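Novice: One structure, as structure tokens, below. Some questions next.
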Amino acid sequence: MKPYTRVFQGTAFTSQSPKEIQILKDHLFCINEDGMIEKMIAPEDKGYQALLDAYQGTENFQRLDEGQYLLPGFIDLHVHAPQWAQAGTALDIPLYEWLNTYTFPIESKFSDLDFAKNVYEDVVSALLANGTTTALYFATVHKEASLLLAEICAEKGQRGLVGKVVMDNPDQTPEYYRDADTVSALADTEEFILAVRELTKRTKQGVYPVVTPRFIPSCTDDTLKGLGELAAKYDTYVQSHCSESDWEHGYVQDRFHKNDAFALNDFGLLREKSVMAHCNFLNDDDAGLFAETGTAVCHCPISNAYFANSVIPIARFHSKGVEIGLGSDISGGFSPGLFDNVRQAVMSSRMLEDGVDTTLSAEERGVPNSRITINEAFYLATAGGGESLSLPIGRIAEKYVWDVQLIDTTLETAKLPIYDANEDLNDIFQKIMYLVRPENIREVWVQGEQVHSRKDR
Ligand SMILES: [Zn+2]
Numbered sequence: 497m498k499p500y501t502r503v504f505q506g507t508a509f510t511s512q513s514p515k516e517i518q519i520l521k522d523h524l525f526c527i528n529e530d531g532m533i534e535k536m537i538a539p540e541d542k543g544y545q546a547l548l549d550a551y552q553g554t555e556n557f558q559r560l561d562e563g564q565y566l567l568p569g570f571i572d573l574h575v576h577a578p579q580w581a582q583a584g585t586a587l588d589i590p591l592y593e594w595l596n597t598y599t600f601p602i603e604s605k606f607s608d609l610d611f612a613k614n615v616y617e618d619v620v621s622a623l624l625a626n627g628t629t630t631a632l633y634f635a636t637v638h639k640e641a642s643l644l645l646a647e648i649c650a651e652k653g654q655r656g657l658v659g660k661v662v663m664d665n666p667d668q669t670p671e672y673y674r675d676a677d678t679v680s681a682l683a684d685t686e687e688f689i690l691a692v693r694e695l696t697k698r699t700k701q702g703v704y705p706v707v708t709p710r711f712i713p714s715c716t717d718d719t720l721k722g723l724g725e726l727a728a729k730y731d732t733y734v735q736s737h738c739s740e741s742d743w744e745h746g747y748v749q750d751r752f753h754k755n756d757a758f759a760l761n762d763f764g765l766l767r768e769k770s771v772m773a774h775c776n777f778l779n780d781d782d783a784g785l786f787a788e789t790g791t792a793v794c795h796c797p798i799s800n801a802y803f804a805n806s807v808i809p810i811a812r813f814h815s816k817g818v819e820i821g822l823g824s825d826i827s828g829g830f831s832p833g834l835f836d837n838v839r840q841a842v843m844s845s846r847m848l849e850d851g852v853d854t855t856l857s858a859e860e861r862g863v864p865n866s867r868i869t870i871n872e873a874f875y876l877a878t879a880g881g882g883e884s885l886s887l888p889i890g891r892i893a894e895k896y897v898w899d900v901q902l903i904d905t906t907l908e909t910a911k912l913p914i915y916d917a918n919e920d921l922n923d924i925f926q927k928i929m930y931l932v933r934p935e936n937i938r939e940v941w942v943q944g945e946q947v948h949s950r951k952d953r
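Encoded structure:
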């Protein structure tokens, strides 16, 4: 038997199912050279002591300190990497105006590779420091800068799925920031796919190209069709925005006389490896089509509070078998952390269930059975994201990759209120989910490699 590259001893939390947490108390986690969890051993299992004796005291062994816990790394299914440069600004204006007055001018600057490098290095580092081990990124229309983002993910050890954004519809995009025409948009996308496929051959954790029409309004029919064909030809991931706001949903109805979901499907863009951001306005037929094609919904709860004119019915879509993950939607969402988005997902769902208009009676005010629990929101940020991407990530389990965040609850500057040494681990899990700040995230590992650590106390 080959020796393990690393063995960790400690307590971990992972999703057992969308509603249940599994607590792996004082387990040994054995990592192999591919960065996979080859074996997990519970204290009561045969072989626990022998393995402990073999590895304890060696440089490959790490025992978690008192008050430290492991969680799976987070999977952020929707990040506009260039918008990190404007995070937190202009959240008080409507989507259409926000795109035209803030976002497109910023994104157009990424033709400058020096500027791109500055922002992209920062955003990848910021996400890693927030426990995000896998991220699905929109870059910009620029092929070179998009490739640079994939290279930075590769180098910093993050599992990046990156898309060169396509937007060529002259009616809906500014002249200074769009693909010149269908032919060049498709040619650039194809070259980008091939370049990232080369890059991933020398990247342990993998980087992946993503076919990325910005959203239906910004693309012409020919381009949408061509992108669907490229996704099929290279079996790539696909990402876009779907049924986000009243304006966007209405625009697609006017142009195609159908909802986004069916329009995207007609162009071959709903596939097992497709992730659609927002999807607030999916009706039951749309949700059925998502489930049938294996397309995942990326829920972006903070962004939705500003731009989506609604709260997405996550519980209803889950019950219909739709795969759902979580996204920060930087910078429609201001936070680079999925902890913030986990919390907002729960709070928004509670407001949907109870309703918000106090002039209505309690019976009329809300949408029954809409709430999700903290366990479910954690599932969206981890296992749900892994299933959305069809990758062995988002769980701490055998045959999954060692993508984890090590949380320290005892930090002097960010101490969690845990006073009983025998406190129920379910309660500790909930305190972690609600109270952890980035400084509590002491180590982040991707594919068995440490990619972030903090030494300050
Ligand atoms: Zn977005």
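In terms of the numbering used here, the sequence shown opens at residue 497 and continues consecutively.
No residue lacks a Cβ here, since even glycine has one placed at the ideal position from N, Cα and C.
On a predicted model such as this, the values are computed, not experimentally measured, just so you know.
Given 8 angstroms as the limit, is there contact between the stretch 710-720 and the stretch 733-742, that is, 3 or more CB pairs closer than that?
Specialist: The stretch 710-720 vs the stretch 733-742: in contact.
Novice: Could you check if G746 is buried or exposed, using at least 16 other CB atoms within 10 Å of its CB as the buried criterion?
Specialist: Numbered from 1 along the sequence shown, position 250 holds the residue referred to as residue 746. Exposed, because fewer than 16 other Cβ atoms sit within 10 Å of the Cβ of G746.
Novice: Counting only the same chain and skipping the five closest in sequence on each side, list residues whose C-beta sits under 6 angstroms from that of Q505.
Specialist: As a first step, residue 505 must be located in the sequence shown, where it is residue number 9. The answer, listed in chain order, is L524 and R559.
Novice: To the nearest angstrom, report how far apart C649 and T854 are at their CA atoms.
Specialist: By one-based count along the sequence shown, residue 649 stands at place 153. By one-based count along the sequence shown, residue 854 stands at place 358. Each residue's alpha carbon lies about 47 angstroms from the other.
Novice: Could you tell me whether the Cβ atoms of F634 and A577 are closer together than 8 angstroms?
Specialist: As a working mapping, residue 634 is identified with position 138 in the sequence shown. As a working mapping, residue 577 is identified with position 81 in the sequence shown. Contact: yes.
Novice: In terms of alpha-carbon separation, which member of D561, T716, S642 and G890 lies closest to L690?
Specialist: Stepping through the sequence shown from its first residue, residue 690 is reached at position 194. Measuring from the Cα of L690, the nearest candidate turns out to be S642.
Novice: When DSSP labels each residue in this structure, what does H753 get in the three-state scheme?
Specialist: Position 257 of the sequence shown, counted from the first residue, corresponds to residue 753. If DSSP states are grouped into helix, strand and coil, H753 belongs with coil.
Novice: Leaving out five residues before and five after L695 in sequence, what residues of the same chain have Cβ atoms less than 7 angstroms from its Cβ?
Specialist: To locate residue 695, count along the sequence shown from 1; it is residue 199. Answer for L695: A646, E647, A650 and V703, listed in chain order.
Novice: How long is the line joining the alpha carbons of V942 and E860, rounded to whole angstroms?
Specialist: Working through the sequence shown from its first residue, we reach residue 942 at position 446. Working through the sequence shown from its first residue, we reach residue 860 at position 364. If I take the Cα positions, the gap works out to 47 angstroms.
Novice: Measuring straight from C-alpha to C-alpha, what distance separates D780 and T878?
Specialist: Here residue 780 refers to the residue found at position 284 of the sequence shown. Here residue 878 refers to the residue found at position 382 of the sequence shown. Approximately 25 angstroms between the Cα atoms of the pair.
Novice: For the alpha helix (DSSP H) that Y875 lies in, which residues bound it at each end?
Specialist: By 1-based counting over the sequence shown, the position of residue 875 is 379. Note, Y875: alpha helix (DSSP H), I870 to A877.
Novice: Is any heavy atom of ligand 1 found at a distance shorter than 7 angstroms from the C-beta of D825?
Specialist: Mapped onto the sequence shown, residue 825 falls at position 329. Yes - ligand 1 has a heavy atom lying nearer than 7 angstroms to the Cβ of D825.
Novice: Determine, using beta carbons only, whether I870 and I903 come nearer to each other than 8 angstroms.
Specialist: For the purposes of this step, residue 870 is identified with residue 374 of the sequence shown, where counting begins at 1. For the purposes of this step, residue 903 is identified with residue 407 of the sequence shown, where counting begins at 1. Cβ atoms of I870 and I903: not closer than 8 angstroms.
Novice: Would you grab the beta carbon distance between Q512 and V947 for me? Rounded to a whole angstrom, and I think it's under 8 angstroms.
Specialist: If you number the sequence shown from 1, residue 512 lands on position 16. If you number the sequence shown from 1, residue 947 lands on position 451. The pair is not a contact, with the Cβ atoms about 27 angstroms apart (cut-off 8 angstroms).
Novice: So, under 8 angstroms CB-CB, L520 and I892 are touching, yes? Tell me the CB distance rounded to an integer number of Å.
Specialist: Sequence index remark: in the sequence shown, residue 520 carries index 24 (1-based). Sequence index remark: in the sequence shown, residue 892 carries index 396 (1-based). L520 to I892, Cβ: 6 angstroms. Contact.
Novice: DSSP three-state call for Y673: helix, strand or coil?
Specialist: One-based indexing of the sequence shown puts residue 673 at position 177. In this structure, Y673 counts as coil in the three-state DSSP scheme.
Novice: Would you mind stating whether D899 and G569 have Cβ atoms separated by less than 8 angstroms?
Specialist: Position 403 of the sequence shown, counted from the start, is the residue given in the question as residue 899. Position 73 of the sequence shown, counted from the start, is the residue given in the question as residue 569. Yes, these two residues count as a Cβ contact at 8 angstroms.
Novice: To the nearest angstrom, how far is it from the Cα of D913 to the Cα of S680?
Specialist: By 1-based counting over the sequence shown, the position of residue 913 is 417. By 1-based counting over the sequence shown, the position of residue 680 is 184. Reading off the sequence shown, one finds Pro at residue 913, where the question assumed Asp. Spanning the two alpha carbons is a distance of roughly 56 angstroms.
Novice: DSSP state of V932, grouped into three classes?
Specialist: Locating residue 932 in the sequence shown gives position 436, counting from the first residue. Of the three classes helix, strand and coil, the one that applies to V932 here is coil, per DSSP.
Novice: Enumerated in chain order, which unbroken segments of the alpha helix (DSSP H) with a length of 4 residues or greater are wholly contained in the stretch 679-758?
Specialist: 717-730 and 742-752
Novice: State the Cα-Cα distance for the pair D955 and V932, rounded to the nearest angstrom.
Specialist: The first residue shown for the chain is 497 and the last is 953, placing residue 955 beyond what the model contains.
Novice: Excluding sequence positions up to five away, which residues of its chain have a Cβ less than 6 angstroms from the Cβ of Q579?
Specialist: Taking the sequence shown and counting its residues from 1, one reaches residue 579 at position 83. So the qualifying residues of the chain are I826 and S827.
Novice: Would you kindly report the start and end of the unbroken beta strand (DSSP E) that includes P568?
Specialist: Residue mapping note: residue 568 aligns to position 72 of the sequence shown, counting from 1. Residues Q564 to P568.
Novice: Please go through the same chain and pick out, in chain order, the residues whose beta-carbon is closer than 6 angstroms to the beta-carbon of L848, but skip the five residues on each side of it.
Specialist: The sequence position of residue 848 within the sequence shown is 352, counting from 1. V807, V863 and S866, listed in sequence order.
Novice: Counting along the chain, where does the beta strand (DSSP E) carrying W594 start and finish?
Specialist: If you number the sequence shown from 1, residue 594 lands on position 98. W594 -> not in any beta strand (DSSP E); alpha helix (DSSP H) instead, spanning L591 to W594.
Novice: Would you report the Cα separation of D561 and L720, rounded to the nearest angstrom?
Specialist: Counted from its first residue, the sequence shown places residue 561 at position 65. Counted from its first residue, the sequence shown places residue 720 at position 224. Those two C-alpha atoms are separated by around 52 angstroms.
Novice: Could you tell me whether any non-hydrogen atom of ligand 1 is closer than 7 angstroms to the CB of E828?
Specialist: Working through the sequence shown from its first residue, we reach residue 828 at position 332. One detail in the question is off: residue 828 reads as Gly in this sequence, not Glu. For ligand 1, at least one heavy atom lies less than 7 angstroms from the Cβ of G828.
Novice: Measuring only from the beta carbon, is H737 closer than 7 angstroms to any heavy atom that is part of ligand 1?
Specialist: Position 241 of the sequence shown holds residue 737. At least one heavy atom of ligand 1 is nearer than 7 angstroms to the Cβ of H737, so yes.
Novice: Which stretch, first to last residue, makes up the beta strand (DSSP E) that contains S831?
Specialist: Translated into the one-based positions of the sequence shown, residue 831 becomes position 335. In the DSSP assignment, S831 falls outside any beta strand (DSSP E) and carries neither an H nor an E.
Novice: Strictly by DSSP, which residues pair up with W941?
Specialist: In the sequence shown, the residue the question calls residue 941 occupies position 445. BP columns for W941 point to V900 and Q946.
Novice: Report yes if the CB atom of L657 is closer than 8 angstroms to the CB atom of L632, and no otherwise.
Specialist: On the sequence shown, residue 657 is found 161 positions in, with the first residue counted as 1. On the sequence shown, residue 632 is found 136 positions in, with the first residue counted as 1. A contact, by the Cβ cut-off of 8 angstroms.
Novice: Return yes when at least one heavy atom of ligand 1 lies under 7 angstroms from the C-beta of H574, else no.
Specialist: In the sequence shown, residue 574 corresponds to position 78, counting from 1. The beta carbon of H574 sits closer than 7 angstroms to at least one heavy atom of ligand 1.
Novice: Measure the CB-CB distance between G821 and L876 and report whether it falls below 8 angstroms.
Specialist: In the sequence shown, the residue the question calls residue 821 occupies position 325. In the sequence shown, the residue the question calls residue 876 occupies position 380. Their beta carbons are under 8 angstroms apart, which means G821 touches L876 by this criterion.
Novice: Based on Cα-Cα distance, which residue from V852, T636 and E593 lies nearest to K613?
Specialist: Numbered from 1 along the sequence shown, position 117 holds the residue referred to as residue 613. Closest in C-alpha terms to K613, from the list V852, T636 and E593, comes T636.
Novice: Under 8 angstroms Cβ to Cβ from F611, same chain only, skipping five residues before and after it: list those, please.
Specialist: Residue 611 sits at position 115 when you count from the first residue of the sequence shown. Correct list, in chain order: K605.
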